[in-house]
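Visitor:
Protein chains in written order, with this note's numbering: chain B, 1 to 560; chain E, 561 to 1120.
(1) Alpha carbon to alpha carbon, how far is residue 185(B) from residue 191(B)?
(2) For the alpha helix (DSSP H) containing residue 638(E), name the first residue and the last one.
(3) In the DSSP assignment, find the beta strand (DSSP E) that holds residue 753(E) and state where it starts and stops.
(4) Between the segment 688–707 of chain E and the segment 58–68 of chain B, can you find at least three pairs of beta-carbon atoms closer than 8 Å?
(5) Can you name, in chain order, every residue of its own chain whose Cβ lies under 6 Å from the Cβ of residue 392(B), other than the five neighbours on each side?
(6) Since residue 596(E) meets chain B, which of its residues come closer than 7 Å, beta carbon to beta carbon?
(7) Distance check for residue 870(E) and residue 890(E), CA to CA, integer angstroms please.
(8) Within the 8 Å Cβ cut-off, does residue 621(E) reach chain B?
(9) Terminal residues of the continuous beta strand (DSSP E) containing residue 851(E)?
(10) To be precise: take each residue of the segment 497–524 of chain B, compare its Cβ to all Cβ atoms of chain E, and keep it if any distance is under 8 Å. Which residues remain?
(11) Drop a sphere of 10 angstroms on the beta-carbon of residue 564(B), count the other beta-carbons inside from all chains shown, and report buried for 16 or more, exposed for fewer.
(12) Please determine, among 631(E), 731(E), 829(E), the residue with the shortest C-alpha to C-alpha distance to residue 909(E).
(13) For residue 157(B) and chain E, any beta-carbon pair shorter than 8 Å?
(14) What are the partner residues of residue 701(E), as DSSP defines its beta bridges?
(15) Pull up the distance between the alpha-carbon of residue 1068(E) and that of residue 1100(E), whole angstroms please.
(16) Run the CB neighbour count on residue 112(B), radius 10 Å, all protein chains shown included, and call it buried at 16 or more, exposed below.
(17) Buried or exposed: residue 48(B), going by 16 or more other Cβ atoms within 10 Å of its Cβ?
(18) Looking at chain E, is there any beta carbon in it that lies within less than 8 Å of the beta carbon of residue 435(B)?
(19) My output table needs one value for residue 729(E): the three-state DSSP class, helix, strand or coil.
(20) Out of 121(B), 478(B), 407(B), 544(B), point me to the one whose CA is closest to residue 194(B)'s CA.
(21) Establish whether the CB of residue 1109(E) and some CB of chain B are separated by less than 8 Å.
(22) If the cut is a Cβ gap below 7 Å, which residues of chain B does residue 1024(E) touch?
(23) Residues in its own chain within less than 8 Å of residue 542(B) by CB, not counting five upstream and five downstream?
(24) Taking residue 94(B) as the query, report the chain E residues whose CB atoms sit under 8 Å from its CB, ordered along the chain.
(25) Can you list, in chain order, the residues of the segment 1043–1056 of chain E whose Cβ is nearer than 7 Å to any Cβ on chain B?
(26) If the cut is a Cβ gap below 8 Å, which residues of chain B does residue 672(E) touch?
(27) Output yes if chain E places a C-beta closer than 8 Å to the C-beta of residue 47(B); else output no.
(28) Residue 669(E) by DSSP, collapsed to three states: which one?
(29) Check residue 915(E) in the structure and name its three-state DSSP category.
(30) Taking the CB atoms as reference points, tell me whether residue 593(B) and residue 453(B) lie closer together than 8 Å.
(31) On the premise that residue 344(B) lies in contact with residue 212(B), defined as a C-beta separation below 8 Å, what is that separation, rounded to the nearest angstrom?
(32) Can you name the residues of chain E whose CB is closer than 7 Å to the CB of residue 154(B)?
(33) Quick one, which of 1051(E), 1052(E), 1053(E), 1057(E) has its alpha-carbon nearest residue 1040(E)'s?
(34) Pick helix, strand or coil for residue 180(B), following the three-state DSSP scheme.
(35) Can you list the residues of chain B that residue 593(E) reaches, using a CB-CB cut of under 8 Å?
(36) Exposed or buried, residue 770(E), counting other C-beta atoms within 10 Å across all chains shown (16 or more means buried)?
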């Protein structure tokens, strides 16, 4: 696209609502406009991002045999009445009468319709699940309307429903979809964790929520209650990371070390090594990382290794004997053992950890950047006691989060009211929602930096922004810019070229606001040196590429 | 896709509702299901077709600078009240109150929201139009609900809106969009004609409707009132066409000819040649085709050629002198003149026309097949008199049709209530709707044949259906089938392969019902001869392709 034809809708004014910078950025970046409380208009930038998210989900749902359908937005009341759910929702539902005085609802979720559909179809089931899904507008008459995409009256959701004749089949599909959702977040690049949750109004016997830990979240995530927590994709921006350093602290000055550690209590991660004696007589070592003020719960470890006979935390002496390292300097580096970190560590940045070099600690360490093969699990003892002891105000337990998806093992809650098929006694169901608006908001929160938006390549409206400097006054710049532009268009790579006659600063501002992750800057000065400037905003990297290598470079970068 | 993974939802039972066969076919073909009166569920087959239609429209809108946005489904009443349109619609609107007793509507159209948006944005206008469009669910509380996609309570529409500072800019955009819509129908392959229409509730000073002539239409199209009518794409199926024949009728037996012609009154097309004397002294000849019982309106012809001095219909004598043909046998073939046909002839099939060979008429002639460069215009005199004379029951004047699109030159009807910008006195608007459901229905009506659906390649869910015979019992069949399948998947061509273990007849039935336009049949018998069978259902053609040529053949066929 060319900026003369593709209107950006960016705004130049300062942020007016400092309470929710992400929402303000979405307005400044020309993604959304509020029509009235809880109701938004999506602009071209947003539609492109949403389409990309939708396509990622479609691809993944296809892999597990999902069938895309579309149910209507308006639902007859009679259907909701049948299952009795109407009265559970009541005030959250938008209700209206048609000209024949029949009552209708605006669907907030579609279990009723899909179940009605399924039983009318009289589909043959033979141990084989049916998975239906749709993208559709959903409606909720919320009490707590927020002026952002997290909680609105009308929103886009992808909901999926599965049907089964036996529990094993339902269990399999439930797990399949759980993994599919994790994979979707991984492909998008959104850091999401999941946990068991209550079934609530939707119902069923088991449910899992998927959360993005967010400053603007409405959920309070009790990290310790996680059964299993896993960060999918620790692709943070570098911007918040401080410089990684070796910190010298001589062991004989143990007091000084202690002071340093207590001062940095929330930032110090302790390393332990445990030895697991397995039933088959083979023993394994594992590295455990845990907050300095917590202790390891060996029962939880034992649950992870059901084949263990005995589990032992290696003591100071053993460690010194085996690794020649004083225990306080023990770290996860350079040892070829599996690393398990306590789930409460997941949001630590710029933390302090042992270096495996005596008399040195590493500071400003960050996940993924310095430690990337780590499993996050709940391995610590309930730590309320410790928190009291060290720091009353420590707020590690509760984290605000945005619920981006929720899945339910429904069993026969909705199918119970239908006539049974032939010999099949029960039709079991599951349902699975993903909030598209919430994903969109969360991605912007995760990647945005310094009041500018960065979108990951997976979903950005444009993969590359071409910024020619003095496009209309320099033939060389003009020719090479359009040559690259046409090359990318031909390869069907989404690219935006600046062809308005405006200043570099303005261009940069616009392109940064709409979240383009990569820029290619084409200026006469650089062309005289036969190079172009390529900026990777995600990794905060600038590269200079030779003109004759640029086509190969870009093609390789975007070919997928 | 493989049929084991892609559930077809086809039904085997006979058609139950013979009143609307197309609707029944859409149910049998697994496209739609009725949830309740006027409300439908779209199944995977339908979503694929609708996505293809949507993508064609997006592409064409992009070319004229259209910006895709998405407005909400629920609209505050206050906006509709502002322009006063609420009371015009009233009963057609679904209205409801939220928990704070604010009134909302389900939008049947979005002029109010887009105008509000536009003025809030305070966009700069400088002779340059803004064109916004969206695909969205629309809602109408219809009195006359039909049990099909033509008139329902909830439906998918693409609506577009344009904003201008001067009439010239609006005029240009209006014409641009009119042409874009014609182009969209042409790409889809839907035979659509358009005409001036009343502005009605939407308002404005000019409007055009786009119609598909349909047995199931609710509109009555008065063909003679057309200002201009043009069939975009005469891609009929061959199936209804009878064999083209030369019919011998000796001229001296004029009585017999007359009887024959009177008997076939509705099917006989008369050929005239007119001579136009132009102001620049150059004269031109034109062939006019007209119903046998009508006569040419020379004033209408003169309007078509404003530079003409005089227009003369060539008489019998002149024709015989110049062409050596008796006037009754005169036809449009083999003469190098422009051919203009009266617009009322557009739906003629298997008609009779002069052959340009004395003593012969051609019968079972069809547009496009035998006569393809024809312009359809209104050239006949008001013919009510003639109809009375010949045949009282002739019903050529009124044709039932489906309105598939409607565009409006609104001027300032909706923008009048907003504060004016700086020096700009008036903001002018246009609005432009296309009904996606109606296009879908119309395409099926146009192409379906013998209670089976054929969809054109432009929008079919799959371009090709691969039908292996005895897939699991013959290694050769299996290997070549999957080789072709994988080749097409790699080339990103939509293909469906049959891999259930069912009979050929069942496969054929399913594939025909879901409208796949091309089949590739792979059987051991043919493989022994080193060939495959390719069926083109649109043109009713069967080709046998050599195995080593099949990849090239398919790639060439589907590469666009």
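Just so you know, even glycine gets a beta-carbon here, dropped at the ideal spot from N, CA and C.
Guide: By the coordinates alone:
(1) The count along the first chain starts at 1 and reaches residue 185(B) at position 185. The count along the first chain starts at 1 and reaches residue 191(B) at position 191. Residue 185(B) and residue 191(B): Cα-Cα distance of roughly 7 Å.
(2) The count along the second chain starts at 1 and reaches residue 638(E) at position 78. 637–643 is the span of the alpha helix (DSSP H), which, as asked, contains residue 638(E).
(3) Reading the second chain from its first residue, position 193 is the one you call residue 753(E). Run containing residue 753(E): 753–756, per the beta strand (DSSP E) assignment.
(4) no
(5) Within the first chain, the letter at position 392 stands for residue 392(B). Any reading at residue 392(B) must be qualified, since the residue scores a pLDDT of 37, below 50, and its modelled position is unreliable; no value is offered.
(6) Translated into the one-based positions of the second chain, residue 596(E) becomes position 36. Here the neighbours are 76.
(7) One-based indexing of the second chain puts residue 890(E) at position 330. One-based indexing of the second chain puts residue 870(E) at position 310. Answer to the nearest angstrom: the Cα atoms are 23 Å apart.
(8) Counting from 1 along the second chain, the entry for residue 621(E) is found at position 61. No, no contact with chain B.
(9) Mapped onto the second chain, residue 851(E) falls at position 291. 843–851 is the span of the beta strand (DSSP E), which, as asked, contains residue 851(E).
(10) none
(11) Nothing in the structure corresponds to residue 564(B), since chain B is present only between 1 and 560.
(12) Stepping through the second chain from its first residue, residue 909(E) is reached at position 349. Among 631(E), 731(E), 829(E), the Cα nearest to that of residue 909(E) is on 829(E).
(13) On the first chain, position 157 is the one that residue 157(B) refers to. Chain E, which has no Cβ nearer than 8 Å to the Cβ of residue 157(B), makes this no.
(14) As a working mapping, residue 701(E) is identified with position 141 in the second chain. Looking at the DSSP assignment, residue 701(E) forms no beta bridge with any residue, so it has no partner.
(15) Position 508 of the second chain, counted from the first residue, corresponds to residue 1068(E). Position 540 of the second chain, counted from the first residue, corresponds to residue 1100(E). Distance between the alpha carbons of residue 1068(E) and residue 1100(E): 15 Å.
(16) As a position in the first chain, residue 112(B) is number 112, starting the count at 1. By the 10 Å Cβ count, residue 112(B) comes out buried.
(17) In the first chain, counting from the first residue as 1, residue 48(B) sits at position 48. So residue 48(B) counts as buried.
(18) The residue given as residue 435(B) occupies position 435 in the first chain. Taking Cβ atoms only, chain E never reaches closer than 8 Å to residue 435(B), which makes this a no.
(19) Taking the first residue of the second chain as position 1, residue 729(E) is located at position 169. Note: residue 729(E) maps to helix in three-state DSSP.
(20) Translated into positions along the first chain, residue 194(B) becomes position 194. Residue 407(B) is the option with its Cα nearest to residue 194(B).
(21) Counting from one through the second chain, the residue named residue 1109(E) turns up at place 549. Chain B contact via Cβ: absent.
(22) If you number the second chain from 1, residue 1024(E) lands on position 464. Per Cβ cutoff of 7 Å: no residues; residue 1024(E) is ~19 Å from chain B at best.
(23) Position 542 of the first chain, counted from the first residue, corresponds to residue 542(B). Cβ neighbours of residue 542(B) beyond the five flanking positions: 533, 534, 535, 536.
(24) On the first chain, position 94 is the one that residue 94(B) refers to. Ordered by position in chain E, the residues that pass the 8 Å Cβ test against residue 94(B) are 634, 656, 658, 664.
(25) Taking 7 Å as the Cβ-Cβ cut-off, the segment 1043–1056 of chain E has no residue approaching chain B.
(26) Taking the first residue of the second chain as position 1, residue 672(E) is located at position 112. Those within 8 Å of residue 672(E) in chain B number zero; the least Cβ separation is about 10 Å.
(27) Here residue 47(B) corresponds to residue number 47 of the first chain, with the count starting at 1. So, interface residue.
(28) Locating residue 669(E) in the second chain gives position 109, where the first residue counts as 1. Residue 669(E): coil per DSSP, three-state reduction.
(29) For the purposes of this step, residue 915(E) is taken as the residue at position 355 of the second chain. It is coil, neither helix nor strand.
(30) With chain B covering only 1 through 560, there is no way to say anything about residue 593(B).
(31) Within the first chain, residue 212(B) is the residue found at index 212, counting from 1. Within the first chain, residue 344(B) is the residue found at index 344, counting from 1. Wrong, their Cβ atoms sit about 17 Å apart, outside the cutoff.
(32) On the first chain, residue 154(B) is found 154 positions in, with the first residue counted as 1. Neighbours of residue 154(B) in chain E, taken as residues at a C-beta separation under 7 Å, are given in chain order as 632, 633, 634.
(33) The residue given as residue 1040(E) occupies position 480 in the second chain. Nearest C-alpha to residue 1040(E): 1057(E).
(34) Reading the first chain from its first residue, position 180 is the one you call residue 180(B). It is helical.
(35) Position 33 of the second chain, counting from 1, holds the residue named residue 593(E). The answer, in chain order, is 117, 120, 121.
(36) Taking the first residue of the second chain as position 1, residue 770(E) is located at position 210. When all chains shown are included, residue 770(E) counts as buried.
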